[in-house]
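First comes the structure, then the notes that go with it.
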Amino acid sequence: MMKRTCITGTGSYLPEKVMTNADLERLVDTTDEWIWTRTGIRERHIASDGEHTSDLATTAAKRAMTMAGVAADEIDLIIVATVTGDFNWPATACLVQSNLQASRAFAFDISAACSGFLYGLSIADSYIKAGTAKKILLIGAEVFSRIVDWKDRGTCILFGDGAGAVVLEAGEDERGLLSCHLHTDGSCWPLLYQMGQGSRNPADSAAAEASNPFVQMQGNEVFKVAVRSLCEAGEEALAANALTAGDVDLLIPHQANRRILEATAKRLGVPLEKVMVNVDRVGNTSAASIPIALDEAHRGGRIKSGDVVLLNAFGGGFTWGSALFRW
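Residue numbering for the sequence shown follows my numbering, starting at 6 and increasing by one per position.
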């Protein structure tokens, strides 16, 4: 029988500090109504000064491991999907490995923005099918509050901080990951990016001093591409498994904003009551978005054994993709 990758534990963590739309009214020229009607977001969680991406990731990981009944010394691989790691290097996954004392695990980060969790899922699936790793910790973690311009109402209203994690192991029945589908269009990178420091923008250069260090986004253009790409990726996953939208028990999309969620669900033909939505309470948490929503749905009883669960995401790069599970 085919070996499938199964999720045996989920976990998530949101920082205690909550920033409401009313709080943002005191920072930028905006209103709760303006934010809500355009994004469907009411509030988002913000990491405290002493909290770093590795801290959020570690807490989420521990909760997933507890659910799975897996000890730190049983973990073979740790993958962290993030674009807001503690440092440029070493990888945040290395810090998480140290925090967990998972001494047997090798660890690395991946950078695919909001699609990072799905990219990590595909990588983990390959390791499990190859038999190279038996128990994998996959984490999406972000502290976007450190890279947004709190004077730019077009971006600062969208993002929040958080982490989500899953433990992945091999299964031998019909349950597990049915397929994963990934795409990239690197020509669109100027529509959504953060310059930061790199070989194109050296730390000691005049260009670095003059450049904008915060997230840059052309929202309207991103919206158009995102809805089309998310829909096509979802349809691709269903077609690959000879299923239709009517077979989907729960759609867990990247929580970018409610307008994108609703437009994607409508084009896919999935009714809103079958769509997991928590963007109103957490905002856009980038690579952490899907695993946070997945953990909430799992612990809240919205997923039962045998359910068909569709995940899809779109992010900077552009990167996008989908994954289909039979729970």
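Cβ atoms here follow ideal geometry from the backbone N, Cα and C, with glycine treated the same way.
### Message
Is it buried or exposed, residue 9, if we count other Cβ atoms within 10 angstroms and call 16 or more buried?
### Response
buried
### Query
Which residues in the same chain as residue 99 place their Cβ atom closer than 6 Å to its Cβ, once the five residues preceding and following it in sequence are excluded?
112
### Query
Where residue 20 and residue 71 are concerned, what is the direct C-alpha to C-alpha distance, given to the nearest angstrom?
20 Å
### Message
Considering only their Cβ atoms, is the gap separating residue 286 from residue 48 smaller than 8 Å?
### Response
yes
### Message
Considering only DSSP beta bridges, list what residue 106 is partnered with.
### Response
BP columns for residue 106 are empty, so no partner.
### Task
Could you round the C-beta distance between residue 46 and residue 163 to whole angstroms and report it? I think they count as a contact, below 8 Å.
7 Å
### Message
Do residue 256 and residue 185 count as a contact pair if the criterion is CB distance below 8 Å?
### Response
no
### Message
Does residue 34 come out as helix, strand or coil in the three-state DSSP assignment?
### Response
coil
### Query
What does DSSP give as the partner residues of residue 11 in its beta bridges?
174
### Message
For the pair the stretch 145-155 and the stretch 51-61, tell me if three or more CB-CB distances fall below 8 Å.
### Response
yes
### Query
Pairing CB atoms from the stretch 253-269 with CB atoms from the stretch 277-291, are three or more of them under 8 Å?
yes
### Validate contact between the stretch 231-243 and the stretch 293-312 using beta carbons, cut 8 Å, 3 pairs
no
### Limits of the unbroken alpha helix (DSSP H) element including residue 147
First-last for residue 147: 140-148, but that is the beta strand (DSSP E), not the alpha helix (DSSP H).
### Query
When the Cα atoms are used, what is the spatial distance from residue 57 to residue 63?
10 Å
### Task
Name the one or two DSSP bridge partners that residue 92 has.
Answer by DSSP bridge pairing: none, since residue 92 is not bridged.
### Query
Between residue 167 and residue 18, is the Cβ-Cβ spacing less than 8 Å?
yes
### Query
Relative to the alpha-carbon of residue 59, which residue among 169, 226, 120, 137 has its alpha-carbon at the smallest distance?
169
### Task
From the DSSP output, in three-state form, read off residue 70 for me.
helix
### Query
Using a Cβ-Cβ cut-off of 7 Å (strictly less than) and excluding sequence neighbours within five positions of residue 32, which residues of its own chain qualify?
155
### Task
Could you spell out where the beta strand (DSSP E) holding residue 181 opens and where it closes?
181-189
### Rounded straight-line distance, which links the Cα of residue 108 to that of residue 356
This structure gives no information on residue 356, because the portion of the chain shown stretches from 6 to 332.
### Query
Do you know whose CA, among 233, 178, 227, 175, lies nearest residue 193's CA?
227
### Query
For the stretch 228-280, which segments carrying the alpha helix (DSSP H) assignment without a break, of at least 4 residues, lie completely within its bounds, in sequence order?
263-273
### Message
If I follow the unbroken alpha helix (DSSP H) through residue 327, where does it start and stop?
### Response
Careful: residue 327 lies outside any alpha helix (DSSP H), inside the beta strand (DSSP E) at 324-331.
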